[in-house]
Structure formats: C-alpha cells, structure tokens
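Here is the structure we will look at.
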Amino acid sequence: MSTFAQSQANETFVLNLGPQHPATHGVLRVKLTMDGEYIVEAEPVLGYIHRMHEKMGENRTWAQFLPNTGRIDYLHALAYNHGYVSVVERAASIEVPERAEYLRVITAELNRVSSHLLWFGAFILDLGGFSPLLYAFDDREHILDLLESVTGSRLTYCYFRFGGVYNDIDDNFVTGTRAFIKRLRGRMPMYHNLVTKNIILMKRLQEVGPISAEMCRKYGATGPVCRGSGINFDVRKHEPYSVYPEFDFEVPVYEQGDSMARYMVRMDEMEQSLRIVEQALDKLPEGPVMAEKVPKILKPAKGDYYHAVETARGSFGVRVISDGSNTPYRLKLRSPTFSNLSLFGEACRGMLLPDVLALMGSLDLVIPEIDR
Amino acid sequence: MNCAAIKEKLTVIGVEMVSEAEYARKGFALDVQVAPHLLVAAVSVLDAEGFFIEAITGVDWLGEQAALRKEAEAKVAAEAKAQPEAEAAAGEAPPLVSQPAEQGEIPEDALEVVYDFNHYEGLCRVTIRARLPRSKPEIATISSIYPGANWHERETHDFFGIIFVGHPYLVPLLLPEDADFHPLLKDFRS
Amino acid sequence: MGTQNIQPAIVQFAQLDKLLALGRANSLWPMTFGLACCAIEMMATGASRFDLARFGAEVFRPSPRQCDVMIVAGTISKKMAPAVETLYDQMPEPKWVIAMGNCAISGGPFVFEGQYGIVEGADKLFPVDVFIPGCPPRPEALIEGILELEEKVTGSRRWPRVEVG
Chain Y
1024 MSTFAQSQAN
1034 ETFVLNLGPQ
1044 HPATHGVLRV
1054 KLTMDGEYIV
1064 EAEPVLGYIH
1074 RMHEKMGENR
1084 TWAQFLPNTG
1094 RIDYLHALAY
1104 NHGYVSVVER
1114 AASIEVPERA
1124 EYLRVITAEL
1134 NRVSSHLLWF
1144 GAFILDLGGF
1154 SPLLYAFDDR
1164 EHILDLLESV
1174 TGSRLTYCYF
1184 RFGGVYNDID
1194 DNFVTGTRAF
1204 IKRLRGRMPM
1214 YHNLVTKNII
1224 LMKRLQEVGP
1234 ISAEMCRKYG
1244 ATGPVCRGSG
1254 INFDVRKHEP
1264 YSVYPEFDFE
1274 VPVYEQGDSM
1284 ARYMVRMDEM
1294 EQSLRIVEQA
1304 LDKLPEGPVM
1314 AEKVPKILKP
1324 AKGDYYHAVE
1334 TARGSFGVRV
1344 ISDGSNTPYR
1354 LKLRSPTFSN
1364 LSLFGEACRG
1374 MLLPDVLALM
1384 GSLDLVIPEI
1394 DR
Chain E
7 MNCAAIKEKL
17 TVIGVEMVSE
27 AEYARKGFAL
37 DVQVAPHLLV
47 AAVSVLDAEG
57 FFIEAITGVD
67 WLGEQAALRK
77 EAEAKVAAEA
87 KAQPEAEAAA
97 GEAPPLVSQP
107 AEQGEIPEDA
117 LEVVYDFNHY
127 EGLCRVTIRA
137 RLPRSKPEIA
147 TISSIYPGAN
157 WHERETHDFF
167 GIIFVGHPYL
177 VPLLLPEDAD
187 FHPLLKDFRS
Chain C
40 MGTQNIQPAI
50 VQFAQLDKLL
60 ALGRANSLWP
70 MTFGLACCAI
80 EMMATGASRF
90 DLARFGAEVF
100 RPSPRQCDVM
110 IVAGTISKKM
120 APAVETLYDQ
130 MPEPKWVIAM
140 GNCAISGGPF
150 VFEGQYGIVE
160 GADKLFPVDV
170 FIPGCPPRPE
180 ALIEGILELE
190 EKVTGSRRWP
200 RVEVG
C-alpha cells in the first residue's frame, strides 16, 4: 500500500469498464479511476437495463405481475416467484396446501443449484479458465430438463401461483431428480479437484477483495457475500418461510471474507440444496397443489406487507402496499445484488485491476436484478 | 437483541409512533412513524444496536387527503342519518390521518420515505416511515451513518424526486444521467 | 449511420462474391454481448449440450471490430441504446444483426402505456436481419436463427429443415 500512497501525486486516468464487457455479466458499467494498475476509485454506473418492474407493478393486476418476477433475476427465477406469491398470499390471507409448499421448495432449490452452477462456470471464465464452464453447463442442462418438465420453461419460470403451484410433478421428475442428485454428488469432487484445488485459482482468490463483517452490515450485504465474511445469516433459517423448518440443512459460513470464502460458500451451498431436495422428495405429502378458494380477482386488504426469501444471491424482499383494489398501490423490490454491489466501490480501493474482476465475479452479479 | 428494547429506545428519542406490527401478518416487527427531523436520531439508535440496512423507498400518497375528506364527510353524513355503530370497515387506517377533517382547504398530500432495517442475529425488521410534504420533499441523508444508504437514496430520488439533504452525490442512478422526471410519482406521464 | 445505404461495388465478381458469401456464412463470428435473460440462453447455445460450434458460429468475440454478427439478446433500455448503436457502428462490413427474443423484437413484456425506459425493438436503432421470437427463445431457436441467417447470406440452405410434427 505504501508504494500506492506515494504514487498519489502521479497522474491518474479513468478507465471505462462496460457496459459491454464480458466480465461484467451483462450491462454493468464501472468507471475506474486508475493509478497505473491500481484502482483509486471505482464508481459503478447502473441503469443500463432498468426495466421498470416497480412501475409495472402499479400498472397491472396482482396476478399479471407474476411473470415479471421470473425476469427480475432470471438465474434464480423461482425464488423471486416465491417472494412475490408469498407476500400476496400474506396480504390476501391465502392458505397454501402443504404439497404445494414442498414442490416450491424442491423446484426453488434445484433452481438455486442451477444458478450456482452457472455462476461457477462464468466466474472461472472471468478468471481465464474456459473448460469448467462447459462442465457446469452440462450439469445445469440436466436441471433445466427437470424443471422444464414441470414448469414448462427453461429460464424465466412462472410456476408458482397464488395459493400453490400450477402443475403437479410426476414419477419421471422424482426419479430424474434423484438421479441428478446422485450425478452431481459424483461430480462435485471433480469440480474441487479440477478447480478449487488448482493453485492458480487459489492465488487469484485468496486474500483478494476482502470484505469485513462490519462493511457487510453498513451496506446491507446478504447471501453468500455476508456468509463469506463470517455472518451467519440465511433467510431460510433467520425468518423461516414456506416449509424450510422441516428440513435439516446447514448454512455454510466462512470467516475469511475474501473471494475464496465466497466461492467456497456457494460450492458448499449446492450440496446443502441437494440435501433439502432429497429430504423434500422423501417427505413429500400427498394432496392438492392448489388452494381451493383463491378468488379470481384478488383484492388484498388495505395495508403494507413485507416478505423476504433467500435467493441464490441473498435476501430478496418484496414490500407491497395495497389500497384494497385489484392492482398494487406500490410494489417495492429489495434486490440483494443491489446492496451487495454497493460495497464494491469501497472494497476495491487500492486493488489491482485483474483482482477487481475476481472480486466482481465473486459478488455474483445479475444486472437486471440490480437495475430492476 | 430484542424488539421490545428497541421499541423502548426509539420511544425515548421521541418518535411519533412505534407500534409492534403483527409479524406473521405483516412481515415486519416494528412500525415506526418518525418526524423528518428525528430520522437521523432514530437511525443512529438502530446503527448502535447493530442493524443492517435493507432498503429505502418512497410512496406517493397523491389523492389520499381528498379521499380521506370524502370518507370523513360520508361518515358524518352517515352518522347524522343513523346514530348506531358507524364503524369504519377500513380496519387499520394510519392514526395520523384519521383525525376528523376540518372545514377548509384539503391538507397537502404526502410523500412517504420508507426505511427497512433488519438484524443479522435476532428477528426484528424495523420499518421507519417519514412523511414529507409533496411540494417540498426534503429529508436528511443517512448515508453518513450507513454508506449503503447512498445508492438507496439516489434510487429514491430518481423515482420520487425526494431530496436527501447532505447527500454527497445525488445524481440519477437508474435513470439516464440527464433524466429530470420521477416515474413513480402517481401523476407522472411519459 | 445504421440506415445509410451501402453502394454496390463498381466492378462485380459474381463467382468470387458467392465464394466469399459461402465462407462468411459458414464461419459467422458473433459478438459476446448479452443484455438480459436471452444472453443466458445464448451462453447455453454456445456451451456443451447445444454446441454452436457444430454450425461454425461459436467464435464469440468480445470486440465488435472482430465480429460480423451481432445477437441482440435482451431488452435495450434507453440508457443503453447509444452504446448498442455504437457497437453496431463499430462492426466492420459486411455485418448482420439477429434480434433474439421478444424484447429485441418489440420490447416484449416491458411495453405498457406510459413506459419510460426501453426501446421498443432493436429495429428502431438499426436494420435487423433475423428475428427469433421467444421469451427467451430456446437454444434450438437461436441455432435455427443462425441457419436462417446463413441462408440469407448465401441464398441457399445448408442444413435440412426440421419438419414439425
């Protein structure tokens, strides 16, 4: 750092990263003020994919907004479905059958694994390794096949409905999922041997981009970012929703706060998600998948409601304000990556440019979810 | 860390109202209504208790006062007609606005700023609300306490035009750099 | 710039042009340029299962100056529009554009009365050669779109058409 401090008097220059850059995972733009290879200041510029979700919420009926939730964060769309249907069910006092909640958990957890797999591939790609992406996509396609068979789409799901889910699973799904769990468990050691224990990866990630627990708190970071900094915070445990209390799973927490810790949190989370899916398949109760008395035109009682869910990227909260009509009066989406990225400017001060890309990748950014 | 202690501490600094919301029904535990000048004090209390910031947003209550006036007038008329139980079926109208409307001009509508705080350890989501006059929506920034509030405030400024006094860099975040409109205001037309 | 007419060459080499077109069509270089959800399907198309390399279009280039096809994969917001136009202008001729997904075709699900943030279709900014509907389109659809573009370049289809049914 001392050499860095001495060189302050030198000329700095501005480097524009994005909005079209492969490492920004979409259309994030970062204005970097550089001193040689070192970052003096980094200012993310957002809004390049602002899609007006909150405005749309006020323009459509409660049910019409549902497909939007699959497009806020397309990598873990089902968790966003879950957050929105849960808050509306809370507002309109709709009871959900148990089987439907199990199906929600099974599909959302599979979706979480697919999100982490994609992140894994893309992250290593950012760091310069191409082949892990191909392995990760191979596994991911198996999940997409399974999810497609129940939800009908590959990516932007709209599977959950107010009061349940719209389609029941069949035996093929159950056997397919069990086979996939076995398959991925067999592949994880390969991933660890191929990537995690790779000396190049270790050098690129260890002690790079440290984020302290206090910094997480001040910026409101959640998800793997805060769990990589030693904070044991997972909405599934913290304010349990759906049927998560029924399952035995752990929340991986690493103390180091560097990029490697965040990497390890996500790798461990995949195994935990598989555990949840396995238990849910074992315990899956019989019954309907849709509540019987869901009004066709929803008019939740006046008031202000909040619901948070744990997505692959952190705590996603929806606040809806109902004025008793058939459209939301106000719909606020609290997206986790927005907060996670807001600490980026402080975290990367004084870092080397290639390390900044490692840090950015380890935050697992999905830009449309930040801009909403 | 428990919610009752936080409630106590917030009451001490003189916020307008702290009520315990029914968590299972609402999704948050404490509902705090605060006068704009006490916001920073209230947020400092939460900061000292180790809360983290979840989100900041706004709500535009355009037309609320006119609707309340109408409701109140209807109520008076109904009471005059038939004495027995004039129970407002509306349920939980905020106490601020349930005052009987006096004759004269309709009071100005409010822009509300909503702050959400949560704690990593205990389950206690605190929602702080501050109501600002629609013609002069100004409130102190809390970005000096929570640097994370910086972006949330910029976003709220984008959407509602609320000015956070003392904010270091209040330029559009999600809208284009030269945007001069505030799309989430209820009277916004593109 | 996007709408300017390119003058045909004064001296025409019919057979050579055909040969060049054949070469271009069978080694399209798309740009690594994702905007939103469709970009993930574009990645999936290039990755292991769908393997765009089978059709000679797998060389995704991050720089527009090395590309000849731009796949507009996602919503173009008004803030992003100038950047997208710049990217298009930076690509060397001859160049083609594929509008992938409903957002790039017409604004898709994000069009509503009073919308303030998006461009309603990539063809508002520059000419588009192939439109691929879907939200998002499946990887197979993107492959079909690329075959369609090949057909447009050479005038004949290299691969048999898959019959529906």
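One line per chain: the protein sequences are Y, E and C, in this order. In short: position in the first sequence from 1, add 1023, done, that's the working numbering. In short: position in the second sequence from 1, add 6, done, that's the working numbering. In short: position in the third sequence from 1, add 39, done, that's the working numbering. We put the beta carbon where it would ideally sit given N, CA and C, even for glycine. From a predicted model like this one, the values you see are computed outputs, not experimental measurements.
Bridge partner(s) assigned by DSSP for residue i
{"i": "C:R100", "result": "C:M70"}
{"i": "E:P139", "result": "E:A116"}
{"i": "E:A146", "result": "E:V171"}
{"i": "Y:M1057", "result": "Y:F1036 and Y:I1062"}
{"i": "E:A61", "result": "E:D122"}
{"i": "C:I13", "result": "Only positions 40 to 204 of chain C appear in this structure, which leaves residue 13 of chain C out of reach."}
{"i": "Y:A1331", "result": "Y:G1340"}
{"i": "E:I134", "result": "E:V38 and E:Y121"}
{"i": "Y:G1326", "result": "Y:S1345"}
{"i": "E:E26", "result": "E:L36"}
{"i": "C:V108", "result": "C:P69 and C:W135"}
{"i": "Y:P1318", "result": "Partner(s): none; Y:P1318 has no beta bridge."}
{"i": "Y:M1313", "result": "Y:G1187"}
Coil, strand or helix - residue i by DSSP
{"i": "Y:W1142", "result": "helix"}
{"i": "E:D193", "result": "coil"}
{"i": "Y:H1076", "result": "helix"}
{"i": "Y:F1265", "result": "Per the sequence shown, residue 1265 of chain Y should be read as Ser rather than Phe. Y:S1265 falls in the coil class under three-state DSSP."}
{"i": "C:Q46", "result": "coil"}
{"i": "E:D37", "result": "strand"}
{"i": "E:I151", "result": "coil"}
{"i": "C:M82", "result": "helix"}
{"i": "Y:K1355", "result": "strand"}
{"i": "Y:C1044", "result": "What sits at residue 1044 of chain Y in the sequence shown is His, not Cys. It is a strand residue."}
{"i": "C:G184", "result": "helix"}
{"i": "E:H188", "result": "coil"}
{"i": "Y:I1234", "result": "coil"}
{"i": "Y:F1367", "result": "helix"}
{"i": "Y:V1050", "result": "coil"}
{"i": "C:E190", "result": "helix"}
{"i": "E:D66", "result": "strand"}
{"i": "Y:R1067", "result": "The sequence given here has Pro at residue 1067 of chain Y, not Arg. The answer is strand: DSSP assigns Y:P1067 an E or B state."}
{"i": "Y:L1375", "result": "strand"}
{"i": "Y:S1385", "result": "helix"}
{"i": "E:S50", "result": "helix"}
{"i": "Y:D1257", "result": "coil"}
Distance between beta carbons of residue j and residue i, contact taken as under 8 Å
{"i": "Y:G1232", "j": "Y:G1337", "result": "Not really, about 17 Å apart at Cβ, beyond 8 Å."}
{"i": "C:A64", "j": "C:V192", "result": "4 Å"}
{"i": "Y:D1327", "j": "Y:W1142", "result": "With 8 Å as the limit, Y:D1327 and Y:W1142 do not qualify as a contact, their Cβ atoms being about 34 Å apart."}
{"i": "E:A41", "j": "E:C9", "result": "Not quite, the Cβ-Cβ distance comes to about 22 Å (not below 8 Å), so this is no contact."}
{"i": "Y:V1218", "j": "Y:I1192", "result": "The Cβ separation is near 32 Å, so there is no contact."}
{"i": "Y:A1314", "j": "Y:I1129", "result": "The Cβ separation is near 18 Å, so there is no contact."}
{"i": "E:V21", "j": "E:V49", "result": "Actually they do not touch by this definition, with Cβ atoms about 11 Å apart."}
{"i": "Y:L1304", "j": "Y:T1200", "result": "6 Å"}
{"i": "Y:A1065", "j": "Y:F1367", "result": "6 Å"}
Distance cut-off 7 Å: residue i Cβ against heavy atoms of the ligand MG
{"i": "E:W67", "result": "The model on display carries no ligand, and the ligand MG is accordingly not part of it."}
Legend entry - Whole runs of the beta strand (DSSP E) within the segment 111-163 of chain C, excluding any shorter than 3 residues: List check, beta strand (DSSP E) in window: 135-139.
Legend entry - alpha helix (DSSP H) segments (min. 4 residues) lying fully within the segment 1078-1162 of chain Y: Within the segment 1078-1162 of chain Y, the complete alpha helix (DSSP H) runs of at least 4 residues are 1089-1095, 1100-1115 and 1121-1150.
Inset, instruction - Could you run through the segment 1039-1062 of chain Y and flag, in chain order, every residue whose CB is less than 8 Å away from some CB of chain E? - result: Going along the segment 1039-1062 of chain Y in chain order, one finds no residue with a Cβ nearer than 8 Å to chain E.
Legend entry - Near-chain E residues of the segment 132-155 of chain C (beta-carbon distance less than 7 Å), N- to C-terminal order: Of all residues in the segment 132-155 of chain C, G153, Q154 and Y155 have a Cβ within less than 7 Å of some Cβ in chain E.
Legend entry - Interface positions of the segment 1078-1104 of chain Y facing chain C (Cβ-Cβ less than 8 Å), listed along the chain: Residues K1078, M1079, N1082, R1083, P1090, N1091, R1094, Y1097 and L1098.
Legend entry - Runs of alpha helix (DSSP H) wholly within the segment 1166-1217 of chain Y (minimum 4 residues, chain order): Counting only runs of 4 or more, we get 1194-1214.
Legend entry - Inside the segment 1272-1308 of chain Y only - alpha helix (DSSP H) runs reaching at least 4 residues: Counting only runs that start and end inside the segment 1272-1308 of chain Y, the alpha helix (DSSP H) elements of at least 4 residues fall at 1282-1306.
Legend entry - Residues within the segment 116-131 of chain C neighbouring chain E, beta-carbon criterion of under 8 Å: Cβ contacts with chain E: K117 and K118.
Inset, instruction - Using a Cβ-Cβ cut-off of less than 8 Å, give me the residues of the segment 1305-1338 of chain Y that come near chain E, in sequence order. - result: Across the segment 1305-1338 of chain Y, CB contacts with chain E closer than 8 Å involve A1324, K1325, G1326, D1327, Y1328, Y1329, H1330, A1331 and S1338, in sequence order along the chain.
Inset, instruction - Using a Cβ-Cβ cut-off of less than 8 Å, list which residues of the segment 1284-1305 of chain Y approach chain C; keep chain order. - result: The residues in question: there are none.
Legend entry - Within 9 Å of chain E by C-beta, residues of the segment 1249-1262 of chain Y in sequence order: The residues in question are C1249, I1254, N1255, F1256, H1261 and E1262.
Inset, instruction - Would you list, in chain order, the members of the segment 153-175 of chain E that have their beta-carbon closer than 9 Å to a beta-carbon of chain C? - result: Listed in sequence order: no entries.
Inset, instruction - With 7 Å as the C-beta to C-beta threshold (strictly closer), list the residues of the segment 1162-1178 of chain Y near chain C in chain order. - result: For the segment 1162-1178 of chain Y, which is checked against every Cβ of chain C, the residues closer than 7 Å are E1164, R1177 and L1178.
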